[in-house]
Each structure stands twice: as structure tokens, then as C-alpha cells.
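Read the structure below first, then the notes.
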Amino acid sequence: MSHWLDTPACSKAARLRLLALDVDGVLSDGRLLYTSDHQEIKAFHVHDGVGIKALQRLGIQVAIITGRRSPMVERRCNELGIDHLIMGRDDKWAALQELTRQLGIDITETGYCGDDLPDLEAIHRAGLGASVPNAPDYIQQAADMVTTRRGGQGAVRELCEFIINAQGRWNEVLTHYHVEDAASIPPGTTSSQYMGE
């Protein structure tokens, strides 16, 4: 993550008030698993949840915009206190524009992370466009930054920590977890051992 801190992506992340995320391929690994009774199963990484909660504690809003409808996504949003859940929308850019208007947030203050064609315009036009290494090359090339971790394997946590560090607020996060000497912990390197959902 530290290689992004001296890039144009860092100055874009420093302005963010809203982070919108795709689900399949970003919050999950993108696989769709079904039980024998036709129930859908998704796996979410606990580290991503911790990163989302850290952003929320700093006053940065988080939204989910997904083309699918899923009770499991609703449940995960409820667990994490994500108030902005938009499901069944293939036009992610239009959904993101509607949400920013509703919240009174400028698009330059908005980040979007996605991994496939329905996300492309939102990645390209958001204040900070992010993607994951499991996305096709042309999606990654449209992004301001690409995480080193894959979707569903801590990519969202990495993105959240990048935003927090870009805003110079890492010590605020550590203070929440009662880390006594926050200055002694390098930002974004060993944070996982200090933060639990």
C-alpha cells in the first residue's frame, strides 16, 4: 500500500467523504456458490469489515452498489452499519450519481471500487477510482489505484487504510483501539494485528 502514498491517487483519497463498493469480486472473491436447496453463499473477509468500520468512525460514509440482490449482502451491511445499500443496479455510475446528489457530496469527494464492466464508468469518473488485481487488465488501467490484495481477500481493508493514511488520520484509528504508542506503528504495515471487527 505504501507505494500509493506519493501518487496522484493519494491526493484524490485525501478529499473523500464517501466510498462506494461493488460486492462480487471486491467484497467477495466473485464466486457464486449455491447449496443443494438453491441458497446462495458468499464469503466476506473480516479484515474488510474492520476497514469499513474504521472509515465510518472517521465520518467517511460507505455505500454498496451491486447488480445482484442478495439477503447475505443485506445482512453484512446491517452488521457493519452500512446505511447506503443499492442492489439490482447494473448502471453503477448512474446509481453513484444519484447517491451523491442525495447525500450532497461532490463526485470529487467520492471513491468507487469495482472489478468489471458494469463498474468501469464509475471507476473512471469517481473522485478516486480503485480496482483489484483479479479485475481484467483494462479495468485496472482505468483505476487510479489497484490494491495488492484480491477481492474478498482483504482488498477493501487495504483501500480503507490507504484512504485513512492519505487523510493523515491513522493515529485516530489506532487510538480507538487503545494502542498506547500509535506513532511507533508504521501506517498500513502491521495494522491487522491491532484492529478487530
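When we follow the working numbering, the leftmost residue of the sequence shown carries the number 5, and every step to the right adds one.
Glycine is no exception: its CB is placed at the ideal position from the N, C-alpha and C atoms.
This one's a predicted model, so the numbers in the text were calculated from it and none came from an experiment.
Gly158 counts as buried, since at least 16 other C-beta atoms from the protein chains shown sit within 10 angstroms of its C-beta. With fewer than 16 other Cβ atoms from the protein chains shown falling within 10 Å of its own Cβ, Thr39 counts as exposed. Per DSSP, Ser40 is not a residue of any beta strand (DSSP E), being assigned neither H nor E. Going by DSSP, Gln144 is part of the alpha helix (DSSP H) stretching over 141-146. The beta carbon of Thr104 sits closer than 6 Å to the beta carbons of Ile111, Thr114 from its chain, once the five residues preceding and following it are set aside; these are given in chain order. In the DSSP assignment, Ala18 falls outside any alpha helix (DSSP H) and carries neither an H nor an E. A residue is called buried once 16 or more other Cβ atoms fall within 10 Å of its Cβ, and His42, having fewer, is exposed. For Met91, same chain residues with a beta-carbon under 6 Å away, outside a window of 5 residues either side, are Thr70, Arg73 in chain order. With a cutoff of 7 Å on beta-carbon distance, Val54 and Gly155 are scored as not near each other.
Note that the C-beta distance between Pro122 and Asp141 is not below 7 Å.
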